Ligand code: FES
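Residue numbers (the numbering used here): 15 to 155.
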């Protein structure tokens with residue numbers, strides 16, 4: 015597995031993201047509350063560059079005529095059609111039956127997901143920290 019350099023860890027504070035490429039593979043690396051998460055930059059719905067979408071919260075289950083929001087900074091919204099993914103797990107928030115190939119994340123930092131996670135995954139990559147520099151470990155080579 016080749017290591018793809020991302021940036022010094024100090025340049026990726028909580029709430030930040032970096033998008034890096036290795037050949038035709040584009041990867042989004044996110045710092046969510048101090049934990050690093052990396053995903054292939056392809057939306058499972060229509061192939062958009064999903065990692066370039068806005069990061070926000072989402073609407074939580076709420077009574078009729080109420081709109082409660084939460085999970086701020088944990089949700090990635092695809093820029094094409096608005097599908098929402100849990101940044102801490104890569105899971106789609108709505109449809110648990112549709113899944114992409116998933117690669118386990120190896121993190122030394124906290125890996126606890128934001129509360130209320132769901133399913134339908136983005137493809138994940140291991141993120142490693144060495145000498146203050148972040149790397150993404152890509153599959154195969
Ligand atoms: S391509 Fe991402 S939601 Fe449609």
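We put the CB at the ideal spot given by N, CA and C, even for glycine. These figures come from a predicted structure and were not determined experimentally.
Exercise for the section: Report whether the distance from the Cβ of residue 92 to the nearest heavy atom of the ligand FES is below 7 angstroms. Expected result: By 1-based counting over the chain shown, the position of residue 92 is 78. Yes, Cβ of residue 92 sits closer than 7 angstroms to a heavy atom of the ligand FES.
Exercise for the section: Could you give the DSSP three-state label for residue 88: helix, strand or coil? Expected result: Here the question's residue 88 lines up with position 74 in the chain shown. The answer is strand: DSSP assigns residue 88 an E or B state.
Exercise for the section: Would you mind working out which of 51, 148, 97 and 39 sits nearest residue 24, comparing C-alpha positions? Expected result: Position 10 of the chain shown, counting from 1, holds the residue named residue 24. Cα-wise, what sits closest to residue 24 is 148.
Exercise for the section: Work out the CA separation of residue 79 and residue 56 for me, nearest whole Å. Expected result: For the purposes of this step, residue 56 is taken as residue 42 along the chain shown, with counting starting at 1. For the purposes of this step, residue 79 is taken as residue 65 along the chain shown, with counting starting at 1. Straight across, the Cα-Cα distance linking residue 56 with residue 79 is about 34 angstroms.
Exercise for the section: May I ask you to list the residues that DSSP assigns as paired with residue 151? Expected result: As a working note, residue 151 is residue 137 in the chain shown. According to DSSP, residue pairing for residue 151 in a beta bridge involves 17.
Handout entry: Rounded straight-line distance, which links the Cα of residue 71 to that of residue 82
Key = On the chain shown, position 68 is the one that residue 82 refers to. On the chain shown, position 57 is the one that residue 71 refers to. Pairing residue 82 with residue 71, the inter-Cα distance amounts to about 10 angstroms.
Problem - Exposed unless 16 or more other CB atoms sit within 10 angstroms - verdict on residue 90 - result: Your numbering for residue 90 matches position 76 in the chain shown. Answer is buried; the Cβ neighbour count reaches 16.
Exercise for the section: Examine the ligand FES and report whether any of its heavy atoms sits within less than 7 angstroms of the Cβ of residue 96. Expected result: As a working note, residue 96 is residue 82 in the chain shown. Yes, Cβ of residue 96 sits closer than 7 angstroms to a heavy atom of the ligand FES.
Handout entry: Spatially closest choice to residue 29 from 106, 140, 102 and 146, by CA coordinates
Key = Counting from one through the chain shown, the residue named residue 29 turns up at place 15. When 106, 140, 102 and 146 are compared, the shortest CA-CA separation from residue 29 is found for 102.
Problem - Proximity to residue 99 [Cα-Cα], best of 77, 150, 51 and 22 - result: Against the chain shown, residue 99 aligns to sequence position 85. By alpha-carbon distance to residue 99, the top candidate from 77, 150, 51 and 22 is 51.
Handout entry: Cβ separation of residue 34 and residue 150, assumed to be a contact under 8 angstroms, to the nearest whole Å
Key = Counting from 1 along the chain shown, the entry for residue 34 is found at position 20. Counting from 1 along the chain shown, the entry for residue 150 is found at position 136. That pair is a contact at about 7 angstroms.
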